Amino acid sequence: MTPESESKKMDLQVQKLTRKGAATRRRIIEGAAEEIRANGVVVTTLDHILARTRTSKSQLFHYFPGGRDDLLLAVARHEADLVLAEQQPYLGELTSWAAWQRWRDAVVERYRRQARSCSISVLISELGRSSPDTQAVTARLIRQWRDQITAGIRCLQDQGKIDHRVDANRSAAALLAGIQGGAGILFATGDASFLEAAIDGAINALRTATK
Numbered sequence: 002m003t004p005e006s007e008s009k010k011m012d013l014q015v016q017k018l019t020r021k022g023a024a025t026r027r028r029i030i031e032g033a034a035e036e037i038r039a040n041g042v043v044v045t046t047l048d049h050i051l052a053r054t055r056t057s058k059s060q061l062f063h064y065f066p067g068g069r070d071d072l073l074l075a076v077a078r079h080e081a082d083l084v085l086a087e088q089q090p091y092l093g094e095l096t097s098w099a100a101w102q103r104w105r106d107a108v109v110e111r112y113r114r115q116a117r118s119c120s121i122s123v124l125i126s127e128l129g130r131s132s133p134d135t136q137a138v139t140a141r142l143i144r145q146w147r148d149q150i151t152a153g154i155r156c157l158q159d160q161g162k163i164d165h166r167v168d169a170n171r172s173a174a175a176l177l178a179g180i181q182g183g184a185g186i187l188f189a190t191g192d193a194s195f196l197e198a199a200i201d202g203a204i205n206a207l208r209t210a211t212k
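Residue numbers (my numbering): 2 to 212.
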């Protein structure tokens, strides 16, 4: 079964849950995410998650029949959704240089505040390597994130603020790679200056790419 068909199957299962059931499932996912952020995916066991969420084993397997693999996939999807949601509305409104600055500030502040416990760090360093399915979730997140940055660049190209010869998709990919590199240094050292330099340098390069 492909990651896409597995995702659709999971969506249908969730849609069939009662409101109480959906709340219980969400509580288990959020508790599992907290446990993984605190201790890592390798160390985290189902028993740890059961204790943190005060859930019985029968409950957990009711909502996640495949056990740990099903739960980790659900956590990966949860964390991926958070990465994009926490950048809104700024990421979806990159229609002016002022808007780009607001997004830049939001990204830097978010990484400073969350450090090692942030969703993208958990996805890339922990969950993304746990299975092909969770890796596919991470890859889809990166594509969606890049596509929204690309849309912002093209919006400014349409306004004549960036030269149309600039490859919007490639520039967005470079900016996103810079963010992750700077974030990695921040997580390792506590120094946000590299993250700031990566984002500011990429945005300044776009600003100077005029006709």
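Quick reminder that beta carbons are idealized off the backbone N, C-alpha and C, glycines included. Please read all numbers here as calculations on a predicted model, not as lab measurements.
Span of the alpha helix (DSSP H) around residue i
i           : result
residue 112 : 98 to 115
residue 29  : 20 to 40
residue 76  : 69 to 86
residue 182 : 169 to 190
residue 43  : Unbroken run through residue 43: none, as it is neither H nor E.
residue 92  : No alpha helix (DSSP H) holds residue 92; DSSP gives it neither H nor E.
residue 207 : 194 to 209
residue 148 : 133 to 159
residue 62  : 58 to 64
Cut-off 6 Å between Cβ atoms - residues of its own chain near residue i, not counting five sequence neighbours on either side
i           : result
residue 71  : 65
residue 215 : Given that the chain is displayed from residue 2 to residue 212, the structure contains no residue 215 and the question cannot be resolved.
residue 1   : The chain is shown from 2 up to 212; residue 1 falls before or after that span and cannot be answered.
residue 165 : 158
residue 209 : none
residue 53  : 32, 36
Close-in-space but distant-in-sequence residues of the same chain around residue i (CB under 8 Å, 5 per side omitted)
i           : result
residue 179 : 199, 200, 202, 203
Distance between beta carbons of residue j and residue i, contact taken as under 8 Å
i           : j           : result
residue 193 : residue 109 : 6 Å
Report yes or no: do the segment 146 to 158 and the segment 168 to 181 share at least 3 C-beta pairs separated by less than 8 Å?
yes
Stretch pair the segment 73 to 89 + the segment 182 to 196: three plus CB contacts closer than 8 Å
no
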